[in-house]
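Taking it in order: structure first as structure tokens, then the write-up.
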Amino acid sequence: VHPGWLPPLLEALDEGAAGVQPLLLYGDRTVQTAGTVFLGGMTMPSHLLSGLHPLDVGTQVDAYPFSAVTAACMAVRTDHVAALDGFDPRYVNGMEDVDFCLRLKELTGAPLRVRTDSRVVHFESRSIGRGDHHDANRDRFAERWSAVLQELDDRRILEAGPVALDR
Numbered sequence: 011v012h013p014g015w016l017p018p019l020l021e022a023l024d025e026g027a028a029g030v031q032p033l034l035l036y037g038d039r040t041v042q043t044a045g046t047v048f049l050g051g052m053t054m055p056s057h058l059l060s061g062l063h064p065l066d067v068g069t070q071v072d073a074y075p076f077s078a079v080t081a082a083c084m085a086v087r088t089d090h091v092a093a094l095d096g097f098d099p100r101y102v103n104g105m106e107d108v109d110f111c112l113r114l115k116e117l118t119g120a121p122l123r124v125r126t127d128s129r130v131v132h133f134e135s136r137s138i139g140r141g142d143h144h145d146a147n148r149d150r151f152a153e154r155w156s157a158v159l160q161e162l163d164d165r166r167i168l169e170a171g172p173v174a175l176d177r
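Under the numbering used here, the residue at position 91 of the sequence shown is numbered 101, and the numbers go up by one with no gaps.
Shown next as structure tokens:
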């Protein structure tokens with residue numbers, strides 16, 4: 011974790027976010043994810059701004075009302091985790107965080123946020139067996155969420171216009 015990573019996450023929760031993630035970076039310090047989005051009518055999530063240099067990521071991302079963020083590092087209120095019974099154990103090392111976020115959004119009605127002033131390095135997909143249940147996890151996720159997600163973020167992003175980057 012980078013110095014000062016926690017206060018921005020707690021501040022976002024205090025401001026009403028259902029959950030919040032930092033700007034997650036790869037080991038080479040490029041962006042792993044600045045949030046999770048559903049684009050192009052797809053019902054599977056994608057990492058936003060992956061591969062960019064962190065200096066290229068504008069603070070506009072902080073204001074975007076995400077439907078999901080990644081639980082590689084995520085702050086959520088304890089009472090919300092308890093109300094949802096945590097992660098769905100039917101997912102095995104994949105998609106459980108996105109499912110949790112969508113259930114959290116249903117529970118609270120509040121958006122999830124990314125705080126770009128909070129930074130954490132994440133060595134993605136290093137867990138043993140990480141991809142072993144990939145297809146089953148995606149099938150379970152699609153069965154539950156595809157009708158809800160077909161246009162969710164795609165519509166909002168089209169209405170808001172492209173994400174502007176400070177360059």
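C-beta atoms are modelled at their ideal positions from N, C-alpha and C, and glycine is treated no differently.
Residue range of the beta strand (DSSP E) that residue i falls in?
| i | result |
| --- | --- |
| D124 | In the sequence on display, residue 124 carries Val and not Asp. Where V124 is concerned, the enclosing beta strand (DSSP E) stretches over 122–131. |
Would you list the one or two residues that DSSP bridges to residue i?
| i | result |
| --- | --- |
| L35 | V41, V131 |
| S56 | V47 |
| A85 | V30 |
| A157 | BP columns for A157 are empty, so no partner. |
| A78 | T46 |
With respect to the alpha helix (DSSP H) encompassing residue i, which residues constitute its N-terminal and C-terminal limits?
| i | result |
| --- | --- |
| E21 | 16–24 |
| D109 | 106–118 |
| A73 | 70–73 |
Short of 6 Å in beta carbon distance, which residues of its chain neighbour residue i, apart from the five on each side in sequence? Order them along the chain.
| i | result |
| --- | --- |
| S186 | For the chain, the structure presents residues 11 to 177; residue 186 sits outside this window and is missing. |
| H12 | R129 |
| M84 | G29, Q31 |
| P99 | none |
| D176 | Note that D176 scores a pLDDT of 36, beneath 50, so its modelled location is shaky; the value from the coordinates is reported in the next line. Excluding residues within five positions, the ones whose Cβ falls inside 6 Å are G68. |
Counting only the same chain and skipping the five closest in sequence on each side, list residues whose C-beta sits under 7 Å from that of residue i.
| i | result |
| --- | --- |
| N147 | Y101, V102, G104, M105 |
| G37 | V131, F133 |
| A43 | Residue 43 is actually Thr in this sequence, not Ala. Closer than 7 Å at Cβ, skipping near neighbours: L34, H57, L58, S60, T80. |
| R194 | In the structure as shown, the chain starts at 11 and stops at 177, and residue 194 therefore has no counterpart that could be examined. |
Excluding the five sequence neighbours on either side, which residues of its own chain have a C-beta within less than 8 Å of the C-beta of residue i, listed in chain order?
| i | result |
| --- | --- |
| R125 | P18, L19, E21, A22, V30, Q31, P32, L33, D72 |
Does the structure place the segment 24–35 close enough to the segment 101–119 that three or more beta carbon pairs sit under 8 Å?
yes
Taking 8 Å as the threshold, find out whether the segment 118–127 comes into contact with the segment 56–76 through three or more Cβ pairs.
yes
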